[in-house]
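In the working numbering, the protein residues as written are 628 to 1261.
From the three backbone atoms N, C-alpha and C, an ideal C-beta is built for every residue, glycine too.
Quick caveat, the model's predicted, so the values are computed rather than measured.
Working notes for the structure below.
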């Protein structure tokens, strides 16, 4: 007998009109669509053409109409400012409608762009929803992003208005945003008409007469704005992701398909219902913040949590448990790196014992590979399903997941389980031919992509085709390598550029990282291929130890080398590893493997715009010199 997952998956692939048409019935439309899937202009597929919808109405007003106005919609929890503020659906709708009125008073109309450069405060979500309310296109840039990178995004999106705050807080540091924004506008050819500044108490920003508008004063004078119907295919937002040319790619999300897909995922993937409390511990600057802090939970009628803090240090490695207990969180989503940080500080999860986690039902992890060690640690500590799922900025929601609301599958470590309904995932070789079960190749998705995935790049159809559709005709290129086993479980081994060639053998650095992270003293690790005159490339490992480890570092290095030899074999040529204090990461927690590789290979490198702490690159140079690499760099 087929289980509900199999039935849903089959229908989504064989009858997408029936499957997504039914899901769309669960949303509010001003005008019903003419076609569910419009494939008249391949490869530019469109969903719900002819339909008219409003994203903000579906997130707020719709639930008030259903009698949920006094239910909590948003909880702002900020351990860095010692603040918790709660908003009902009525309160959040009123604030959003008022800020939508502010934007209208500044000349923002349907189709205009608004750039949002904000810290993790409730006003960031309000600004996003206010744009959606009046049909403006928002582009959120991670708060504190460097001026030069911000300028490239201003030039590409050409916003009429920029919304910012006076500052953000990174653990114990206050980061002034306004000087960064002013510098970015000075560098930009495109200039905004106005900037709205939310003044935070810990740092007031200086204002530029005629251009800068005070948030509070503008809100006090504003008339609330109503929702504006937009075409289902109109853009809701642009989210920039780094491109290989250094020119960021503006991923576009439409209104109709986005509402339908994200609302569907809340129950079917995350197993949450209206009224449940859902927490994505991410940032509104990333896709997770868009999909699962602001939009998905509110489409479903959940209570969403917007958290301004870190998994450790605000104040300790127990803060996640405190938030789950305080707000009765049912389902949580974060990056594996957050759990590795907690595990490193509190290896035995002692701090968890202080909190009542009885309402907590599932932990979802995504953003990078979930190593088995962290998976088992979280399973043992939390005693709930721990779900590794895999997706990308471009896809907007999970390509693969253990869809808890449909059917809970047995977990296979290293696998994000099976493709979610809508995602026709396949593995192909360099000739675009499907490979056998268990064989590594390029992970690709047969077109059309489901609703909620990117329909194109902002004003750059050619680059969209070239970046994602050209290499494997008929498929979307994920740029990840992996395999699908005989049971249909997908395994994402590494980015395709993380497959290294050691003396003619194609090896996955992800598989080696999995071995290293299994060592009881290793908190996290990275393996990358560096140039070798004899073998082409050889793998080098970097390991960060757990807090309180007393064993000699040389011993640990010997042990991890032996483990790789035993599990992958001598063919891996894994002979070099070194202990480092920390690994260079993006602010979302991804390890900057490409940058480490360039340092090792003595190539020039740019400090990545998304790096969390640039000073760490000097430490990496020293570590690499210590094992015989990066010798010429001085």
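Remark: three or more beta-carbon pairs, one from each stretch, lie closer than 8 Å, so the region 1074-1090 and the region 635-655 are flagged as touching. Of the candidates 1109, 742, 697, 1068, the residue whose Cα lies closest to the Cα of residue 824 is 742. Cβ-Cβ separation between residue 1067 and residue 1099: approximately 15 Å, too far for a contact (criterion under 8 Å). CA-to-CA, the gap between residue 986 and residue 951 works out to about 8 Å. DSSP, reduced to helix, strand and coil, places residue 747 outside both helices and strands of the structure shown, so it counts as coil. In the three-state scheme derived from DSSP, where H, G and I count as helix and E and B as strand, residue 659 is classed as coil. The straight-line gap separating the alpha-carbon atoms of residue 969 and residue 938 is approximately 6 Å. Within its own chain, the residues whose Cβ lies closer than 6 Å to the Cβ of residue 776, once the five positions on either side in sequence are excluded, are 1236, listed in chain order. Taking the Cα positions, residue 927 is about 21 Å away from residue 1027. Counting other Cβ atoms within 10 Å of its Cβ, residue 771 reaches 16 or more and is therefore classed as buried. Positions of the alpha helix (DSSP H) runs, each at least 4 residues long and wholly inside the region 759-804, are given as 774-784 in order along the chain. Burial of residue 903 is indicated by the presence of at least 16 other C-beta atoms within 10 angstroms of its C-beta. Annotated three-state conformation of residue 906 is strand, per DSSP.
With a beta-carbon spacing of about 25 Å, residue 653 and residue 955 fall beyond the 8 Å limit used to define contacts.
The Cβ atoms of residue 707 and residue 911 lie no closer than 7 Å to each other.
Shown here, residue 822 sits in a strand according to DSSP, grouped into three states. Counting along the chain, the unbroken beta strand (DSSP E) around residue 713 starts and ends at 710-715. Residue pairing by DSSP places residue 1026 opposite no residue, since no beta bridge is assigned to it. When C-beta atoms of the region 685-698 are compared with those of the region 665-674, fewer than three pairs fall below 8 Å, so the two segments do not count as touching. Burial is judged here by how many other beta carbons sit within 10 angstroms of a residue's own beta carbon; residue 631 has fewer than 16 and is exposed. Of 1091, 1096, 1080, 1083, the smallest CA-CA separation from residue 1059 is found for 1096. In the DSSP assignment, residue 1001 falls outside any beta strand (DSSP E) and lies within the alpha helix (DSSP H) extending over 999-1009. For residue 1187, the secondary structure class from DSSP, reduced to helix, strand or coil, is helix.
When DSSP states are grouped into helix, strand and coil, residue 683 belongs to the helix group. When C-beta atoms of the region 1083-1090 are compared with those of the region 993-1000, fewer than three pairs fall below 8 Å, so the two segments do not count as touching. Under the three-state reduction of DSSP, residue 956 is assigned to coil, being neither helix nor strand. Sixteen is the threshold: when 16 or more other Cβ atoms of the shown chains lie within 10 Å of the Cβ of residue 1002, as they do, the residue is buried. When C-beta atoms of the region 750-762 are compared with those of the region 848-866, three or more pairs fall below 8 Å, so the two segments count as touching. From the listed residues 1082, 931, 1004, 1240, the smallest Cα separation to residue 715 is found for 931.
Short of 6 Å from the beta carbon of residue 648, and not among the five residues preceding or following it, lie these beta carbons of its own chain, in chain order: 663. For residue 934, the secondary structure class from DSSP, reduced to helix, strand or coil, is strand. DSSP links residue 1127 through a beta bridge to 1134. Only residues of its own chain outside the window of five on either side were considered, and among them 788, 821 have a CB closer than 6 Å to the CB of residue 733, listed in chain order. Contact annotation: residue 1150 and residue 1210 have beta-carbon atoms that are not nearer than 7 Å. In this chain, the beta strand (DSSP E) harbouring residue 704 covers 699-705. Taking the Cα positions, residue 1189 is about 14 Å away from residue 1167.
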